[in-house]
Structures are given as C-alpha cells and as structure tokens.
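One structure is given below, encoded as structure tokens.
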Amino acid sequence: MAASLITDRVKQLVRMRGPVIPSQISKEIGTNILMASAILSELASKNDVKISSVKFGGTPLYYVPGQEAKLQNYLTSLPLKEKEAFEKIKASGVLLDTALDPATRFAMRQLKDFAKPLEVNADGEAYLFWKWYLLANEEAEVSIKKILGLTDEKPANEEAPAPKIEAVVGTQTTIPSAQPAVQPIQPKVQQQMPLPTASKLQPVVQSATQASEQYQLIKPTRKKATAQTTPTEFTIHLDEFFAKSSIEIESSDLSGKSEAQYVVLLPSPVGKLRYYCIAKNKKTCTDTDISSALVQGQLRKLPVLLLTKGELSKKAQELLSKEIGAIVVKRI
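Numbering-wise (the numbering used here), the sequence shown opens with residue 163 and increments by one.
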C-alpha cells in the first residue's frame, strides 16, 4: 500500500473511531505499534490529529476536533483528587483559582484536557479562572462576570467594561498555585504555533521555576548545531550506526560530554519520519534519562529515539513499558 494511502487510511480510522491508541491503528493497517505511533505522531505534527494528555494504558490518545467529549471515557486511571477536581469543574463550568483549596488547585493543573485556564483582566486586576473544556467562551464570560460581581447595572451613560479573557494553554503548561494575580503581557510568538489576534484567546505558558514571574510562552529548547573539529570515538560510532541504518541527520548538537542530540529522518514505508534523537554514552541508562528525553521530544513535538551504549536500569524499563509509542530505545 502506498505511503499516502496508509496515511489517509489512518486519518480515516481516527475520524471514525477516535479517540484511539496506536495499538488499535496497527491492527487495522497491518503493521506494528511503533510504525502506527510514528504515523500518528506525524499527523499530529501537521495538526491533522490531536494528542491527549490523559492516557489509556500509559499511552496518549489521538483524536480529531469534535471528539473531545469522548475523552471522558478514559478517566479510570486518574488519581482520586484529580477525579474530584474533574467532577467539580464539570459541575461548576467555571472556577476561580484563588477560591480553591491548594490540593484542588494542583489537581486542576493536571487536568489539561478538561480544565482550561483563563486569565481575566478586570478593573486593572488579573484573575486566574478554570473553565470546563466543553463550555463556550460566551457562557464562561457570563459566569465570570457573576463571580467578579460585574453584573450590577450601571447608569445609562456609563457602561461597565467587559473583562478581558485570555486562554492559558500549552502541552507543558505549569502554573504555580500561589499566584492570585499577574500583569498581562504581550506573548512571544512560538515558531509553528500561530497565535490569534490580541482581541481573541491568546495562548501563553508560565515559567515553572519562579512563582512570581508573569505568564510567558516557553519555546522548545533548540540548540544550534555545534561544530566539532575532533570527532570522538562515540560520535564516530554514531555516524556509522546512522549510515548503516539509512538514517539521515537533519541537525545535531555534539557539545555534551556524554551525550549527543540530533534531529534525524528515519526511513519508513510511509516516507521519512522526523525524530528527536538523543544518544547516551553511559554504562547505565536511567529512568531520569528516559523522562528527560520524553520532555525534550514533547517540546519539539517529535517522537523520540534514544540510543545508548549501556544497559537500562530497572526503573528505566518500568517507565519505558508505560510510554510505548512515545519513545524508542535502542542499544548500539
């Protein structure tokens, strides 16, 4: 089957049966889970499908717009506090962040598929609200006005300014719980993520390291290719592996002492697939190495290929079993 036909078939399956996981797609198109994951990741990079934060069996779900409501069928793995927060935001529609207890505020930040943060500016003050993901912005605005007490009638010649609402979204959004108000800022534009005009909902992401910082958009770390005049034994070994495997190097960062980072193109029946690749020159590859590679891949919106010369620790193997489809580990 031609590559384009396979891709079209996968898109059709997601539209018909989504949300789906890679194993369901692999059975339908007669391939392995890794290949199905790669095809779905490629579709996600083109915005043809979406990827959920909630996971089923440790694997994210793939779906198309209009299937968001079906994500509620995959909540069995949520911790108790997150389930309670889910029920609370579903019942209320809109919640003021500062009115929640600390545990619920933290849980709300984990419900990225179901609780959408909104930054509201009214009377010179900024407030953080959480909106049920299926609630229309117009309905949310009515509820927010009630919560802020902006529904009182004004004189005929004096109109109350409508609160300005901005969405706070992003796959890596981290918002400290102890921040009642922030000053609005002009978000920086992230490459390949066009932002709406200032009068509409504007994506911004907050720094995870300082609770007092303003909301800002975090760009994926993209290091420029670093020239290396003296190849090491490890990088020579990597070049030989890439050549033998017909893997093309699109960009590289060889500045690390015990690791090398690449963006590579892997051959496949559906064409060349772009991967974030990190190679570890260590005797043991730990769960921390796996987690770090996954984060970097998510920031770049790319599937991950981890190459290692060492053994996988027990914790690394356990984590890897939960992240099937998101990362491929190969010992070289």
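Built from N, CA and C at the ideal position, the CB exists for glycine as well.
Do A302 and W292 have their beta-carbon atoms positioned less than 7 Å apart in this structure?
Counting from 1 along the sequence shown, the entry for residue 292 is found at position 130. Counting from 1 along the sequence shown, the entry for residue 302 is found at position 140. Cβ distance not < 7 Å, so W292 and A302 don't count as in contact.
Decide if P279 is buried, meaning its Cβ has at least 16 other Cβ atoms within 10 Å, or exposed.
Indexing the sequence shown from 1 puts residue 279 at position 117. Label assigned to P279: buried.
What's the gap between the Cα of G255 and the Cα of D285?
For this step, residue 255 is matched to residue 93 along the sequence shown. For this step, residue 285 is matched to residue 123 along the sequence shown. Those two C-alpha atoms are separated by around 23 Å.
Exposed or buried, N443, counting other C-beta atoms within 10 Å across all chains shown (16 or more means buried)?
As a position in the sequence shown, residue 443 is number 281, starting the count at 1. Looking at its Cβ environment, which holds 16 or more other Cβ atoms inside 10 Å, N443 is buried.
At the level of alpha carbons, what is the spacing between T266 and S185?
As a working note, residue 266 is residue 104 in the sequence shown. As a working note, residue 185 is residue 23 in the sequence shown. Cα to Cα, T266 sits roughly 34 Å from S185.
Starting from the C-beta of C439, find all residues in its chain whose C-beta is less than 6 Å away, skip the five residues before and the five after it, and write them out in chain order.
One-based indexing of the sequence shown puts residue 439 at position 277. Same-chain partners within the cutoff: Y424, V426, L467.
First and last residue of the alpha helix (DSSP H) that includes P184?
Residue numbering aside, residue 184 sits at position 22 when the sequence shown is read from its first letter. Per DSSP, the continuous alpha helix (DSSP H) segment holding P184 begins and ends at 184 to 191.
Can you give me the C-alpha to C-alpha distance between A455 and G472, rounded to a whole angstrom?
In the sequence shown, residue 455 corresponds to position 293, counting from 1. In the sequence shown, residue 472 corresponds to position 310, counting from 1. Spanning the two alpha carbons is a distance of roughly 16 Å.
Given a cut-off of 7 Å on the beta-carbon distance, is the pair L416 and T446 in contact?
As a working note, residue 416 is residue 254 in the sequence shown. As a working note, residue 446 is residue 284 in the sequence shown. Going by C-beta atoms, L416 is not nearer than 7 Å to T446.
By the three-class DSSP mapping on this structure, what secondary structure does L456 have?
For the purposes of this step, residue 456 is identified with residue 294 of the sequence shown, where counting begins at 1. The answer is helix: DSSP assigns L456 an H, G or I state.
Measure from the alpha carbon of L258 to the alpha carbon of each residue in K307, Q229, L296, then state which is nearest.
Within the sequence shown, the letter at position 96 stands for residue 258. It is K307.
Per DSSP, what kind of secondary structure is A340 in: helix, strand or coil?
Position 178 of the sequence shown, counted from the start, is the residue given in the question as residue 340. The predicted position of A340 is uncertain, since its pLDDT is 36 and thus under 50; no value can be drawn from it.
Closer than 8 Å is the cut-off here; do at least three beta carbon pairs connect the region 170 to 188 with the region 207 to 222?
yes
Going residue by residue through the region 209 to 296, where are the continuous alpha helix (DSSP H) segments of at least 4 residues, counting only ones entirely within it?
242 to 254, 264 to 272
Given that a residue counts as buried once 16 or more other Cβ atoms are within 10 Å of its Cβ, and exposed if not, what is D275?
In the sequence shown, counting from the first residue as 1, residue 275 sits at position 113. Classification of D275: buried, given that the 10 Å Cβ count is 16 or more.
Are K492 and L469 touching if we call contact CB-CB under 7 Å?
The count along the sequence shown starts at 1 and reaches residue 492 at position 330. The count along the sequence shown starts at 1 and reaches residue 469 at position 307. Yes, the pair counts as a contact, with Cβ atoms nearer than the cut-off.
What span of residues does the beta strand (DSSP E) with A422 cover, start to end?
Within the sequence shown, residue 422 is the residue found at index 260, counting from 1. Where A422 is concerned, the enclosing beta strand (DSSP E) stretches over 421 to 428.
Should P227 go down as buried or exposed, given a rule of 16 or more other Cβ atoms within 10 Å for buried?
Your numbering for residue 227 matches position 65 in the sequence shown. Under this definition P227 is an exposed residue.
With distances taken Cα to Cα, identify the nearest neighbour of T448 among K463, L482, W294, Y289.
As a first step, residue 448 is located in the sequence shown; it is residue number 286 there, counting from the start. The candidate whose alpha carbon is nearest that of T448 is L482.
When burial is assigned at 16 or more other CB atoms within 10 Å of the CB, is T166 buried or exposed?
As a first step, residue 166 must be located in the sequence shown, where it is residue number 4. Reading the sequence as shown, one finds Ser at residue 166 and not Thr. Exposed, because fewer than 16 other Cβ atoms sit within 10 Å of the Cβ of S166.
Please state whether DSSP places I494 in a helix, a strand or coil.
Locating residue 494 in the sequence shown gives position 332, counting from the first residue. Note: I494 maps to coil in three-state DSSP.
Beta-carbon of S207 versus every beta-carbon of chain D: anything under 7 Å?
No chain D appears in the structure shown, which is made up of a single protein chain.
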